[in-house]
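Colleague: The opening position of the sequence shown corresponds to residue 68 in the numbering used here, with each subsequent residue numbered one higher.
A single structure is presented below for examination.
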Amino acid sequence: MIEELENTVPIKEAREIVSVDEFVSQCLNWHQQFNRDVWGERESYHDEVHIRATLLAGEKLIKAALKGNDPLNILKDLEKWNQDHPGLEIKEEEFMDVFKLAFAGHDLGNVAQGVSEKNGNLKLDFLAHYTAEKAEDRSQKIVKRILNASGIDQNKKERFLPLVLHLINETKYNFDGQDLFAVFSRVVDQMGSTLFSVRGIKSDVVGLAQEMIVENPLVKITPNFSLNFFELRFKQLVKDEKTRESIKEIWGGKPPDKFEANKSLVKAADWLRENGT
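Rendered as C-alpha cells:
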C-alpha cells in the first residue's frame with residue numbers, strides 16, 4: 068500500500084514555469100528534494116542522475132534523426148502520430164521539447180503520489196519511499212497537472228500534452244513493440260540511462276535494489292542480467308545488430324564493463340549484503 072507523508076512539499080508556483088527548460092529544472096529539483104528530505108543517504112536509481120542520463124541519451128538520438136540518421140525511426144513515428152492526431156500535429160523541430168517535458172517528468176510518480184493545492188499554490192505530495200507500482204500512471208497525472216497549470220504557451224500545451232503522456236506511458240518495462248515510440252522510449256530510459264549514468268552500472272543496480280527492497284523485502288534479482296543489463300536488455304529491445312551499433316555510434320559513449328555474476332535468481336537483500344552494501 069502506498070503511503071503519503073503527512074506534509075506535502077511546496078513547489079514553485081506553476082505559472083512561473085514559462086519554458087521547457089524551466090519545467091525540466093523544476094523536475095530535477097523535485098527529485099533532489101525527495102532524496103534529501105525523504106529517502107536520505109541510501110543509494111537510489113529513479114533519481115536526478117537517472118533523469119539527466121535519459122535526457123542526454125534522447126537528445127543525442129533526436130539531434131541525429133533531424134540530421135537524417137534515425138535508426139529508431141523517430142521521425143516516421145512522429146509522422147504517423149500526426150496522421151492519427153489531426154489538429155494536434157507536432158513539428159519535427161518541436162519534438163525535442165515534447166521529449167524533454169516527458170522524460171523530465173517520467174519518474175515523478177516513483178517519488179510522488181500526485182499534486183495537491185493549498186492556499187492557491189500547487190504542491191507535490193511525496194511518497195514515503197520510492198514506489199514503482201503504477202509509477203507511470205502517477206507520473207502522467209502529475210505532469211498533466213503541472214504542465215496545464217504552467218505558463219508555457221497554451222497552443223503548445225494543447226498539442227504537446229497527448230504525446231508527452233504517451234511517451235511517459237511507453238517507459239513501462241514490458242511492451243510488445245507495436246506502439247509508436249515504444250522502442251525509442253525504452254531504449255532511452257533503459258539503455259541510455261545506463262550508458263550515461265555518472266555513477267556506473269553497479270551503483271545503479273545497488274540503488275534500484277534498494278528501492279525494490281523497500282517495496283518488497285523478498286524481491287529477487289538475477290545479478291548477471293542486472294549488471295550486464297546494457298548489452299542483454301539492448302538485444303531484447305532492438306533485435307537487429309546493425310541498428311544497435313548505429314545507436315551506439317550516435318551515443319558515442321563507452322559501453323559499461325562486463326561482469327561475471329550469478330545467473331540465478333537471488334534475493335536482492337542477500338546480494339546487497341554479499342556485495343558489502
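Even for Gly, the Cβ is constructed at its ideal location relative to N, Cα and C.
Suppose the cutoff is 6 Å on Cβ atoms and the five residues either side in sequence are ignored; what does the same chain contact list for S260 look like?
Modeller: H117, A120 and T121
Colleague: Please classify L139 as buried or exposed, where buried requires at least 16 other C-beta atoms within 10 Å of its C-beta.
Modeller: With a 10 Å radius around the Cβ and a threshold of 16 neighbouring Cβ atoms, L139 comes out buried.
Colleague: Taking only the alpha-carbon atoms, compute the straight-line gap between Q207 and L232 and give it to the nearest angstrom.
Modeller: Just so you know, the alpha carbons of Q207 and L232 end up roughly 6 Å apart.
Colleague: I think L168 touches F227, with their Cβ atoms under 8 Å apart; what is that distance to the nearest whole Å?
Modeller: 6 Å
Colleague: Is there contact between the segment 242-258 and the segment 95-110, where contact requires at least three CB pairs shorter than 8 Å?
Modeller: no
Colleague: Opposite D144 in the DSSP bridges: which residues?
Modeller: Note: D144 sits in no beta bridge, so no partner.
Colleague: Return the chain-ordered list of same chain residues with a C-beta closer than 8 Å to the C-beta of V165, the five sequence neighbours on each side being excluded.
Modeller: I157, F227, L230, V231 and L234
Colleague: Would F242 and R253 be called neighbours here (beta carbons separated by less than 8 Å)?
Modeller: yes
Colleague: Could you have a look at I288 and say whether DSSP puts it in helix, strand or coil?
Modeller: It is a strand residue.
Colleague: Under 8 Å between the Cβ atoms of A328 and L294?
Modeller: yes
Colleague: Alpha carbon to alpha carbon, how far is K130 from K147? Give it in angstroms, no decimals.
Modeller: The straight-line gap from Cα to Cα measures roughly 19 Å.
Colleague: Can you tell me whether E278 is buried or exposed, with buried defined as 16 or more other CB within 10 angstroms of its CB?
Modeller: buried
Colleague: Rounded to whole angstroms, what's the CA-CA distance from K239 to F170? Just pull it up for me.
Modeller: If you take the alpha carbons of K239 and F170, they lie about 12 Å apart.
Colleague: Can you tell me the Cα-Cα spacing of E73 and I141, whole angstroms?
Modeller: Its pLDDT being 41, under 50, E73 is placed unreliably in this model, and the value from its coordinates should be taken loosely. Going from the Cα of E73 to the Cα of I141 covers about 42 Å.
Colleague: Using only the alpha-carbon positions, how far apart do D307 and Q257 sit?
Modeller: 17 Å
Colleague: DSSP beta-bridge partners for A179?
Modeller: In DSSP, A179 forms a bridge with F193.
Colleague: So I288 packs on P323, CB below 8 Å; how close in whole Å?
Modeller: With 8 Å as the limit, I288 and P323 do not qualify as a contact, their Cβ atoms being about 17 Å apart.
Colleague: Is the distance from the Cβ of V255 to the Cβ of L155 below 8 Å?
Modeller: no
Colleague: Please classify Q303 as buried or exposed, where buried requires at least 16 other C-beta atoms within 10 Å of its C-beta.
Modeller: exposed
Colleague: Check each candidate in F296, S270, E161 and V178 and name the one with the smallest Cα separation from K368.
Modeller: With the chain covering 68 to 344 only, the question about residue 368 has no answer from this structure.
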